[in-house]
Amino acid sequence: MNETIFEARDLSRSFSVGSSPLRDFADHFLRDRPPKVLRAVDNVSLSLREGETLGIVGESGCGKSTLARMIAGILPASSGERRFRDEPYESFLARNRDALKVQMVFQDPLSSLNPRLRVGDIIGEAAVLHGLVRRPQIKDYVADILSQVGLPADSMGRYPHQFSGGQRQRIGIARALAVKPDMLICDEAVAALDVSVQAQIINLLMDIKQDSGLAMIFISHDLGVIRHLCDRVAVMYLGRVVELTETEQLFASPLHPYTRMLLEGMPKISLQRRRFMPIQGEIPSPLSPPSGCHFHPRCPMATEHCGRIRPELREASSGHVHACLNIEPC
Amino acid sequence: MSTAGFKDYAQHFAESRAAVVSLAVSLAFVACAIFAPLLSPTDPYDLTQLQLSDALKPTGSTRMLPGEEVRANIRIDGSATSVQPATPAKTHVTLVAEPCGLNCLGVGVQPEGTRLANLQIRNLPAGATVEGARKHPVQSWWTVDNPEGGKVRIASNGPLPATFTFLAIARSMDQETDFVFHLGTDSFGRDMFSAILYGVRISVFVGLVAAGAAMVIGTGLGLLSAWRGGITDAIIMRAVDFMLGLPALLVGLAILAILGNGVSKVVLAIVIVQWSYYARTARSFAMSELGKEYVEAARCLRLSPARIMLRHVLPNCMPQIIVLFTLNIASAISLESSLSFLGVGLPLTRPSLGMLIASGYEFIFSHKYWISIYPGIVLLVMIVAMNLLGDRLRDLNNPRLDR
Ligand SMILES: Nc1ncnc2c1ncn2[C@@H]1O[C@H](COP(=O)(O)OP(=O)(O)OP(=O)(O)O)[C@@H](O)[C@H]1O
Ligand code: SF4
Ligand SMILES: [Mg+2]
Numbered sequence: 000m001n002e003t004i005f006e007a008r009d010l011s012r013s014f015s016v017g018s019s020p021l022r023d024f025a026d027h028f029l030r031d032r033p034p035k036v037l038r039a040v041d042n043v044s045l046s047l048r049e050g051e052t053l054g055i056v057g058e059s060g061c062g063k064s065t066l067a068r069m070i071a072g073i074l075p076a077s078s079g080e081r082r083f084r085d086e087p088y089e090s091f092l093a094r095n096r097d098a099l100k101v102q103m104v105f106q107d108p109l110s111s112l113n114p115r116l117r118v119g120d121i122i123g124e125a126a127v128l129h130g131l132v133r134r135p136q137i138k139d140y141v142a143d144i145l146s147q148v149g150l151p152a153d154s155m156g157r158y159p160h161q162f163s164g165g166q167r168q169r170i171g172i173a174r175a176l177a178v179k180p181d182m183l184i185c186d187e188a189v190a191a192l193d194v195s196v197q198a199q200i201i202n203l204l205m206d207i208k209q210d211s212g213l214a215m216i217f218i219s220h221d222l223g224v225i226r227h228l229c230d231r232v233a234v235m236y237l238g239r240v241v242e243l244t245e246t247e248q249l250f251a252s253p254l255h256p257y258t259r260m261l262l263e264g265m266p267k268i269s270l271q272r273r274r275f276m277p278i279q280g281e282i283p284s285p286l287s288p289p290s291g292c293h294f295h296p297r298c299p300m301a302t303e304h305c306g307r308i309r310p311e312l313r314e315a316s317s318g319h320v321h322a323c324l325n326i327e328p329c
Numbered sequence: 000m001s002t003a004g005f006k007d008y009a010q011h012f013a014e015s016r017a018a019v020v021s022l023a024v025s026l027a028f029v030a031c032a033i034f035a036p037l038l039s040p041t042d043p044y045d046l047t048q049l050q051l052s053d054a055l056k057p058t059g060s061t062r063m064l065p066g067e068e069v070r071a072n073i074r075i076d077g078s079a080t081s082v083q084p085a086t087p088a089k090t091h092v093t094l095v096a097e098p099c100g101l102n103c104l105g106v107g108v109q110p111e112g113t114r115l116a117n118l119q120i121r122n123l124p125a126g127a128t129v130e131g132a133r134k135h136p137v138q139s140w141w142t143v144d145n146p147e148g149g150k151v152r153i154a155s156n157g158p159l160p161a162t163f164t165f166l167a168i169a170r171s172m173d174q175e176t177d178f179v180f181h182l183g184t185d186s187f188g189r190d191m192f193s194a195i196l197y198g199v200r201i202s203v204f205v206g207l208v209a210a211g212a213a214m215v216i217g218t219g220l221g222l223l224s225a226w227r228g229g230i231t232d233a234i235i236m237r238a239v240d241f242m243l244g245l246p247a248l249l250v251g252l253a254i255l256a257i258l259g260n261g262v263s264k265v266v267l268a269i270v271i272v273q274w275s276y277y278a279r280t281a282r283s284f285a286m287s288e289l290g291k292e293y294v295e296a297a298r299c300l301r302l303s304p305a306r307i308m309l310r311h312v313l314p315n316c317m318p319q320i321i322v323l324f325t326l327n328i329a330s331a332i333s334l335e336s337s338l339s340f341l342g343v344g345l346p347l348t349r350p351s352l353g354m355l356i357a358s359g360y361e362f363i364f365s366h367k368y369w370i371s372i373y374p375g376i377v378l379l380v381m382i383v384a385m386n387l388l389g390d391r392l393r394d395l396n397n398p399r400l401d402r
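Line order of the protein sequences matches chains S and W. Per numbering that gives the first Met the number 0, residue 0 is the first one in the first sequence, and the count goes up by one each step. Per numbering that gives the first Met the number 0, residue 0 is the first one in the second sequence, and the count goes up by one each step.
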């Protein structure tokens with residue numbers, strides 16, 4: 000399967016921070032000061048093939064969740080283009096039932112479940128409303144989905160607070176699966192769980208992927224998990240993709256200095272958590288990112304033009320792109 | 000809320016004895032309001048039942064039945080007698096006649112034992128007299144003052160004619176009844192106990208309806224504000240700020256000055272005053288709920304905005320809104336009472352507690368304290384109970400207070 004299921008081109012998202020409509024208005028007329036803008040995602044282009052798993056890694060605050068929400072269609076983009084199976088997102092999202100094809104699993108297993116709804120309603124509500132199942136069949140349908148994620152059928156009548164973290168995340172996955180998605184975005188879906196539980200959830204996701212051929216975008220801090228699960232990986236830094244390639248390729252021969260530092264920070268032999276080590280230097284504020292290459296204040300390879308020129312993504316070899324000015328094309 | 004969650008909640012609630020008592024008292028008031036017509040011994044709205052002789056009676060006094068004049072044409076036809084009342088209105092006392100032996104006819108009143116000021120018999124046939132009566136100098140009118148047992152006897156030396164008709168007029172004296180005004184009466188002679196029950200009914204009704212309508216409208220606007228954000232939010236929230244900046248009583252007075260008084264207008268005035276509290280609360284809690292991932296999940300499931308707001312966000316804001324509702328019922332009641340006290344609230348014929356307090360105000364310096372004091376105590380207890388209840392519910396919802 001090599002067809003593209005999802006494609007993003009020059010996708011950006013800015014937030015105006017610390018402002019209110021009234022203040023914007025006053026600023027506009029009185030001081031003529033441009034509102035403070037935070038570019039959480041800055042010209043990101045990527046694509047996802049049918050059945051593929053794409054990993055996204057990056058430090059906290061680099062815009063992974065913002066990107067994920069734009070891909071899921073629950074956050075409008077400031078600029079750029081999104082396509083689902085070659086259809087622009089605007090028309091795709093307008094058809095509610097088709098838009099169900101893109102689903103998301105969230106980070107916080109508790110706050111991502113409505114505490115006032117029973118698990119049966121959490122999982123079955125959308126399927127019934129969009130006509131995927133008829134109301135009389137909903138119990139069987141939900142029981143079936145619950146068994147897919149390894150929960151007993153009697154979970155249906157209970158409330159989220161009566162479950163453990165891992166079970167809650169299974170409910171969150173069941174909710175997404177219940178509307179028969181073709182594409183699943185997991186935004187740090189295991190980050191809030193204990194290590195042993197993490198492994199179970201990751202295995203569950205892999206089983207689901209194998210059974211149903213879902214395309215998946217898997218966002219994580221954890222390079223070990225990414226390496227285990229993903230076909231390709233995108234590395235993000237301060238809102239931009241700095242490197243994107245096959246997983247093997249990335250771990251074998253990382254090109255971008257930031258990727259290399261991430262991998263160096265990763266313990267080589269460890270059965271325990273494999274989080275990346277803090278990298279030298281402070282993470283710059285996303286409100287006033289460094290000019291040129293965002294990474295230049297921390298980059299060991301930086302040269303003087305790195306602070307002036309914004310590096311565009313370029314292809315080093317087939318399917319391996321990076322955004323660094325100082326890597327010779329090989 | 001889950002059943003387990005509810006049980007927990009009820010248990011925490013019950014930890015405070017004051018809260019339990021205030022809940023019981025509040026429910027008792029609601030019950031009073033619902034069952035007032037059954038509980039109350041008189042109907043204070045029935046103006047025909049009022050009599051001036053009962054006005055301003057102190058606590059524990061009994062109702063006086065005022066004296067009345069009853070007339071009836073009594074026709075004797077052989078051994079049959081027929082009494083035809085000639086007084087138009089319904090009276091407490093009715094005239095009766097029955098033979099009392101040969102050539103003798105007794106005339107009296109029902110009920111037995113009614114004390115009469117006098118009983119007059121007119122137009123007797125010739126030869127008949129009334130025992131112990133004084134006769135009118137010219138007419139055939141016989142009057143017995145203070146007749147014993149409320150009865151007179153018509154006698155004759157010769158036989159009475161077989162058929163004759165005469166007129167009887169009885170004037171009864173003021174009488175005590177065994178109806179006790181436990182809380183006294185007001186200046187119209189209304190039983191204060193009944194009036195207070197009906198006053199509670201009106202106050203609770205106005206409080207519930209007004210606070211409920213304000214809750215629906217205010218919460219709706221608050222949710223709209225939270226969902227739409229931007230200019231909608233700015234407009235609604237500036238309106239809220241504006242309303243919160245004005246004193247409630249002043250707004251109520253102004254609205255009623257324009258609209259005139261009446262239950263629906265008081266309710267409208269309270270809604271206009273109170274919607275802003277709900278709007279602000281609903282907005283702020285909805286905003287914090289909207290930031291949670293379950294809302295994003297719902298949007299990802301492509302549920303409609305209305306469904307997300309009403310089925311997902313609203314139930315999570317409901318505990319806070321219910322607390323506000325409890326507190327606002329109390330303040331709606333006190334606002335209504337204040338307006339009625341100031342004379343712009345409810346009409347005089349259907350007194351609420353505030354109106355009762357106001358109507359007793361002019362008598363309080365002549366030691367007729369009961370007209371104002373009893374409704375005042377009832378109002379106070381009701382508002383304190385509802386406030387304590389609301390406070391307790393609010394404490395339970397506040398995660399910062401360690402339960
Ligand atoms: N609604 C918002 N309003 C203003 N700023 C926002 C908003 N959402 C995100 N941001 C900012 O955008 C930047 C990227 O946030 P995002 O949540 O996408 O990062 P992330 O990579 O997911 O981080 P983490 O690993 O901590 O989840 C952050 O600096 C954040 O403060
Ligand atoms: S562009 Fe310059 S600063 Fe940026 S990563 Fe490459 S070498 Fe480092
Ligand atoms: Mg995130």
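We treat Cβ as the ideally placed atom computed from N, Cα and C, and that holds for glycine. Remember, predicted model here, so these are calculated numbers, not experimental data.
| Query | Result |
| --- | --- |
| Closer than 8 Å to chain S by CB, cysteine 31 (chain W) | no |
| Within chain W, partners of isoleucine 73 (chain S) - CB distance below 7 Å | Glu295, Arg298, Cys299 |
| Interface positions of the segment 138-153 of chain S facing chain W (Cβ-Cβ less than 8 Å), listed along the chain | none |
| Proximity test, glutamine 168 (chain S) beta-carbon vs ligand 3 heavy atom, cut-off 7 Å | no |
| Proximity of isoleucine 218 (chain S) and glutamate 263 (chain S) at Cβ, strictly below 8 Å | no |
| Ligand 2 heavy atom lying under 7 Å from the CB of methionine 260 (chain S) | no |
| Candidates W:Ser283, W:Val312, W:Thr61, W:Thr128, of which the one nearest valine 294 (chain W) by Cα | W:Val312 |
| Beta-carbon spacing of leucine 207 (chain W), isoleucine 269 (chain W) below 8 Å | no |
| Segment contact flag, the segment 60-75 of chain W with the segment 161-180 of chain W, C-beta cutoff 8 Å, min 3 pairs | yes |
| Cβ of proline 114 (chain S) within 8 Å of any chain W Cβ | yes |
| Alpha-carbon to alpha-carbon, isoleucine 122 (chain S) and cysteine 61 (chain S) | 31 Å |
| heavy atom of ligand 1 below 7 Å from serine 16 (chain S) C-beta | The sequence shown places valine at residue 16 (chain S), rather than the serine named in the question. Valine 16 (chain S) Cβ: within cutoff of ligand 1. |
| Test: proline 314 (chain W) CB closer than 8 Å to a CB of chain S | yes |
| Expected contact under 8 Å - CB spacing of glutamate 67 (chain W) and histidine 91 (chain W) to nearest Å | 7 Å |
| Range covered by the beta strand (DSSP E) that runs through arginine 94 (chain S) | From DSSP, arginine 94 (chain S) is part of no beta strand (DSSP E); its letter is neither H nor E. |
| Cysteine 323 (chain S) to proline 288 (chain S) span [Cα, whole Å] | 16 Å |
| Supposed contact pair alanine 194 (chain W) and proline 40 (chain W) - C-beta distance, whole angstroms, cut 8 Å | Their Cβ separation, rounded to whole angstroms, is 11 Å, which puts proline 40 (chain W) and alanine 194 (chain W) out of contact at 8 Å. |
| N- and C-terminal bounds of the alpha helix (DSSP H) containing tyrosine 257 (chain S) | 256-263 |
| The segment 280-287 of chain W touching the segment 217-224 of chain W, judged by at least three CB pairs closer than 8 Å | yes |
| Integer Cβ distance of methionine 317 (chain W) from alanine 225 (chain W), believed to fall under 8 Å | With 8 Å as the limit, methionine 317 (chain W) and alanine 225 (chain W) do not qualify as a contact, their Cβ atoms being about 14 Å apart. |
| Own chain partners of proline 158 (chain W) with C-beta closer than 7 Å, once the 5 adjacent residues on each side are dropped | Asn102 |
| Closer than 7 Å: serine 64 (chain S) CB and nearest ligand 3 heavy atom | yes |
| Backbone CA spacing between proline 283 (chain S) and glycine 229 (chain W) [nearest angstrom] | 30 Å |
| Nonlocal neighbours in the same chain, by C-beta distance under 6 Å from glycine 306 (chain S), ignoring five residues either side | Ser290, Gly291, His295 |
| Extent of the continuous beta strand (DSSP E) to which arginine 8 (chain S) belongs | 3-15 |
| Buried/exposed call for aspartate 139 (chain S), threshold 16 Cβ in 10 Å | exposed |
| Check whether valine 108 (chain W) and alanine 169 (chain W) have beta carbons under 8 Å apart | yes |
| Nearest neighbour of isoleucine 321 (chain W), chosen from W:Val266, W:Trp274, W:Gly389 [CA to CA] | W:Gly389 |
| Cα-Cα separation between arginine 81 (chain S) and tyrosine 88 (chain S), rounded to whole angstroms | 5 Å |
| Extent of the continuous beta strand (DSSP E) run through glycine 54 (chain S) | 52-56 |
| Boundaries of the alpha helix (DSSP H) in which alanine 39 (chain S) is found, first to last residue | First-last for alanine 39 (chain S): 36-48, but that is the beta strand (DSSP E), not the alpha helix (DSSP H). |
| For alanine 154 (chain W): DSSP bridge partner residues | W:Cys103, W:Thr128 |
| Chain S contact residues for leucine 223 (chain W), given Cβ-Cβ distances below 9 Å | The premise fails here: leucine 223 (chain W) is roughly 16 Å from chain S at the closest Cβ pair, so nothing lies under 9 Å. |
| Same chain, Cβ closer than 7 Å to leucine 38 (chain W), five either side skipped, listed in chain order | Cys31, Leu196 |
| Three-state class that DSSP yields for arginine 274 (chain S) in the structure shown | Note that arginine 274 (chain S) scores 48 on pLDDT, short of 50, meaning its location in the model is unreliable; the coordinates nonetheless yield the value given after this. Of the three classes helix, strand and coil, the one that applies to arginine 274 (chain S) here is strand, per DSSP. |
| Serine 81 (chain W) versus aspartate 42 (chain W) - alpha carbon distance | 35 Å |
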